[in-house]
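Okay, so the sequence shown: first residue is 1432 according to our numbering, each after it adds one.
A short write-up of the structure that comes next.
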Amino acid sequence: MRYHGLDEGEDASFFLCKELIPGYLDRVTGEYAPPEGYFVDEKAAEEFDRQFPYKEKKTLPGQIFS
């Protein structure tokens, strides 16, 4: 199994995949591609947000992402 967009044998050490049943994926070939829902169109999200009353966006101490 390889990660979408990488050629066979390329370094994909970032791709973490665990076989739950040992040997289950033997002789299985394929490519993992992240579902489209993982990717957000920022402009479409902003347009969607404009349908609701304005709320101030805050970043509080201790938040990892801002």
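Just so it is clear, CB atoms sit at the ideal spot from N, CA and C, and this is done for glycine as well.
Opposing strand residues paired with residue i [DSSP bridges]
| i | result |
| --- | --- |
| R1433 | E1462 |
Separation of residue j from residue i, as counted between CA atoms
| i | j | result |
| --- | --- | --- |
| P1492 | K1486 | 19 Å |
| E1439 | E1477 | 38 Å |
| E1467 | Y1434 | 15 Å |
| D1442 | E1450 | 19 Å |
Whether residue i touches residue j by CB criterion (8 Å)
| i | j | result |
| --- | --- | --- |
| Y1455 | M1432 | no |
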